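Below: one structure, written as structure tokens.
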């Protein structure tokens, strides 16, 4: 059971405890901020690496398809012209509607 003397001494401790609590909350906030920055930096690095890798794959694939198309056009010029004309006719018909 709390006596009057105990209640008075607890009242005097409350401001000190509040200051300790404020300091603890500030420390916790700073720790969370540092952790968030570290996580963001790590994710940013990962994204850069993945993006560079995927960009390189797309460039390689584009180069491969471009070379393949050029080879196909050189080997079959009449077929290539016929396909281009056919595609133009189809696109023209679709765009008229």
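In my numbering, the protein residues as written are 1227 to 1323. Every residue gets a Cβ at the ideal spot worked out from N, C-alpha and C, and that includes glycine. Keep in mind that this is a model prediction, so the values were computed, not measured.
What's the gap between the Cα of residue 1315 and the Cα of residue 1288?
-> Here residue 1315 is taken as the residue at index 89 of the chain shown, counted from 1. Here residue 1288 is taken as the residue at index 62 of the chain shown, counted from 1. The alpha-carbon of residue 1315 is positioned some 26 angstroms away from that of residue 1288.
Among residues of its own chain, excluding the 5 on either side of residue 1240, which ones have a beta-carbon nearer than 7 angstroms to its beta-carbon?
-> Looking up residue 1240 in the chain shown gives position 14. Correct list: empty, nothing qualifies.
Taking the alpha helix (DSSP H) that residue 1322 falls in, what are its first and last residues?
-> In the chain shown, counting from the first residue as 1, residue 1322 sits at position 96. Residue 1322 -> alpha helix (DSSP H) spans 1303-1322.
For the stretch 1250-1305, which segments carrying the alpha helix (DSSP H) assignment without a break, of at least 4 residues, lie completely within its bounds, in sequence order?
-> Scanning the stretch 1250-1305 from its first residue to its last, no whole alpha helix (DSSP H) run of 4-plus residues comes out.
Cβ separation of residue 1292 and residue 1298, assumed to be a contact under 8 angstroms, to the nearest whole Å = As a working mapping, residue 1292 is identified with position 66 in the chain shown. As a working mapping, residue 1298 is identified with position 72 in the chain shown. Not confirmed; about 11 angstroms, so no contact.
Closer than 6 angstroms by C-beta to residue 1258: which residues in its own chain qualify, once you throw out the five before and the five after it? Chain order, please.
-> Looking up residue 1258 in the chain shown gives position 32. So no residue of the chain qualifies.
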